Amino acid sequence: MTARRTAATALVLGIAPLALAGLAAAPAVAHGSMTDPVSRVSACYAEGPESPDSPACKAAVAASGAQAFYDWNAVNIANAAGKHRELIPDGKLCSAGNDKYRGLDLARGDWPASKLDSGAHTFRYKATAPHRGSIALYVTKDGYDPSKPLSWSDLEEKPFATVTDPRLEGGDYVFGGTVPKKSGRHLIYSIWQRSDSPEAFYTCSDVVFGQDNGGAGGGPAPTASAPSEEQIEDGKDQSSVEHGGHGDDDAGTGAGETAAAPASAGAAPGGFGSSEAGAGTEAGTEAGTEADGSRTGTGAAPGASAPNAPAAAGSGENLAETGGDSSTPYIAVGGAAVLAFGAAVLFATVRRSSPSTGRHGR
Numbered sequence: 052m053t054a055r056r057t058a059a060t061a062l063v064l065g066i067a068p069l070a071l072a073g074l075a076a077a078p079a080v081a082h083g084s085m086t087d088p089v090s091r092v093s094a095c096y097a098e099g100p101e102s103p104d105s106p107a108c109k110a111a112v113a114a115s116g117a118q119a120f121y122d123w124n125a126v127n128i129a130n131a132a133g134k135h136r137e138l139i140p141d142g143k144l145c146s147a148g149n150d151k152y153r154g155l156d157l158a159r160g161d162w163p164a165s166k167l168d169s170g171a172h173t174f175r176y177k178a179t180a181p182h183r184g185s186i187a188l189y190v191t192k193d194g195y196d197p198s199k200p201l202s203w204s205d206l207e208e209k210p211f212a213t214v215t216d217p218r219l220e221g222g223d224y225v226f227g228g229t230v231p232k233k234s235g236r237h238l239i240y241s242i243w244q245r246s247d248s249p250e251a252f253y254t255c256s257d258v259v260f261g262q263d264n265g266g267a268g269g270g271p272a273p274t275a276s277a278p279s280e281e282q283i284e285d286g287k288d289q290s291s292v293e294h295g296g297h298g299d300d301d302a303g304t305g306a307g308e309t310a311a312a313p314a315s316a317g318a319a320p321g322g323f324g325s326s327e328a329g330a331g332t333e334a335g336t337e338a339g340t341e342a343d344g345s346r347t348g349t350g351a352a353p354g355a356s357a358p359n360a361p362a363a364a365g366s367g368e369n370l371a372e373t374g375g376d377s378s379t380p381y382i383a384v385g386g387a388a389v390l391a392f393g394a395a396v397l398f399a400t401v402r403r404s405s406p407s408t409g410r411h412g413r
């Protein structure tokens, strides 16, 4: 081996570990689900994926299988980038168009529900792998019929509560909002859009306003309960969700590239599209891609009331950074580029050292 080939080989071998280390440092995925008010997937997980108590959760497990509920914190779209309505078709909002969670889309009026009052409320979102981003909450319009598949048109056009980088308390994102005046059975739809990634998470929380609990057949609706910390810990062995990170094609979480919804879903008429709920992460050109999370585009309507704003000092020091900041992917790309460059140098050196006859030099 010539001196030049030896040097080139040493270069490649020297930089390869660094490049691979950079590739391995890609951000961890965020995971979580609404727990106040309790999301459908959280309520059914709390009941037990193998033998749930409520008729609705039994039907959901029968439709989706138990594994979907062990993976209760991963109802997501990897490439959402704020294009929620474009990617999720009507009738599949609760599953985010992910067939793995199809049981969550069952149209029925007896889903376990949380009691909710109009006015100021403190919301909680269990973040099993927190990341910077924004959360937007939508409520169903008056006249909502839970016996019909949930459509985008069933939701109020604007979110009634939004928050960017909410404070983290005991593993929960905690933020305030003002719940509009409603009565009877409704649904709260949450969109958690990461600002360090195009990934987004979605939940459906069934709620009851006032004394009318809206249960099936006029009877009492089951009360939704959030999973306890013990249940969450005990279920980790059965979960296929990686808390330390995953690729875009992770078969366990279902986080993959999602195609646009059928054209009938239409473009968002002023809501749910790229201008809502933390949009602008696409291609790293808009708000929400900075490492300090200073601009994330919460989707708040102009003039949003103060209760919907994030708590003071809620973004920086209290927000767990489980997967690095937004600069990490560029480190990985840089490492890959250096590795490719080293390989090219080695290839060119070998070519130059070979005689014109095509036989290898000695």
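Note that the working numbering gives residue 230 to position 179 of the sequence shown, counting from 1, and the numbers run on in steps of one. Backbone N, C-alpha and C define an ideal beta-carbon position, used for all residues, glycine too. Source: prediction; values computed, not measured.
Output yes or no for whether 8 Å exceeds the beta carbon distance between residue i and residue j.
| i | j | result |
| --- | --- | --- |
| Tyr-195 | His-237 | yes |
| Val-225 | Phe-211 | no |
| Ser-256 | Val-89 | yes |
| Thr-86 | Asp-223 | yes |
| Gln-282 | Ser-185 | no |
Using the three-state DSSP reduction, which class does residue i fall into: helix, strand or coil?
| i | result |
| --- | --- |
| Glu-280 | helix |
| Asp-150 | helix |
| Ala-180 | strand |
| Glu-220 | strand |
| Lys-109 | helix |
| Val-126 | coil |
| Ser-356 | For Ser-356, the predicted model reports a pLDDT of 36, less than 50, meaning its position is unreliable; a value from the coordinates is still stated below. The answer is coil: DSSP assigns Ser-356 none of H, G, I, E or B. |
| Lys-233 | coil |
| Gln-118 | helix |
| Cys-145 | coil |
| Ala-97 | helix |
| Trp-162 | coil |
| Val-190 | strand |
| Ser-241 | strand |
| Leu-157 | coil |
| Leu-206 | strand |
| Gly-133 | coil |
| Asp-87 | strand |
| Gly-261 | coil |
| Val-214 | strand |
| Val-292 | coil |
| Ser-198 | coil |
How long is the line joining the alpha carbons of residue i and residue j, rounded to whole angstroms?
| i | j | result |
| --- | --- | --- |
| Arg-159 | Thr-254 | 16 Å |
| Leu-219 | Ala-272 | 31 Å |
| Thr-191 | Ser-102 | 30 Å |
| Asp-288 | Ala-178 | 18 Å |
| Lys-232 | Asp-168 | 8 Å |
| Ala-164 | Ala-107 | 11 Å |
| Arg-183 | Ile-242 | 13 Å |
| Ser-234 | Phe-260 | 5 Å |
| Trp-162 | Ser-279 | 19 Å |
| Gly-116 | Asp-216 | 33 Å |
| Gly-354 | Pro-197 | Low local confidence applies: a pLDDT of 34 at Gly-354 is under 50, so the model's placement there is unreliable, with the coordinate-based value given in what follows. Whole-angstrom Cα-Cα distance: 31 Å. |
| Leu-209 | Gly-286 | What sits at residue 209 in the sequence shown is Lys, not Leu. For Lys-209 and Gly-286, the distance between alpha carbons rounds to 36 Å. |
| Val-134 | His-82 | One detail in the question is off: residue 134 reads as Lys in this sequence, not Val. Rounded to the nearest angstrom, the two C-alpha atoms are 19 Å apart. |
| Ala-171 | Ile-239 | 15 Å |
| Glu-284 | Ala-180 | 14 Å |
| Asp-141 | Asn-130 | 19 Å |
If I measure Cβ to Cβ from residue i and keep anything under 6 Å in the same chain, skipping five residues before and after, which residues do I get?
| i | result |
| --- | --- |
| Ala-119 | Lys-151 and Tyr-152 |
| Glu-98 | Asp-104 and Cys-108 |
| Leu-201 | Leu-144 |
| Ser-276 | Ala-97 |
| Cys-95 | Pro-103, Cys-108, Ala-111 and Phe-120 |
| Lys-199 | Ala-158 |
Apart from the five residues on each side of it in sequence, which residues of its chain come closer than 7 Å, Cβ to Cβ, to residue i?
| i | result |
| --- | --- |
| Ser-204 | none |
| Ala-147 | Val-126, Asn-127, Ile-128, Ile-139 and Tyr-253 |
| Ala-114 | Arg-153, Gly-154 and Leu-157 |
| Lys-166 | Val-259 |
| Glu-207 | Tyr-189, Val-190 and Lys-192 |
| Pro-100 | Val-112, Ala-117, Phe-120 and Tyr-121 |
Excluding the 5 residues flanking residue i on each side, which residues of the same chain have their C-beta closer than 8 Å to its C-beta?
| i | result |
| --- | --- |
| Ser-84 | Ser-90, Val-92, Ser-93, Trp-123, Asn-124, Val-126, Tyr-176, Lys-177, Phe-252 and Thr-254 |
| Ala-110 | Gly-154, Leu-157 and Arg-159 |
| Thr-274 | Pro-163, Ala-164, Ser-165 and Lys-166 |
| Gly-221 | none |
Shorter than 8 Å from the beta carbon of residue i to some beta carbon of chain C?
| i | result |
| --- | --- |
| Leu-157 | In summary, chain C is missing from the structure at hand, where a single protein chain is found. |
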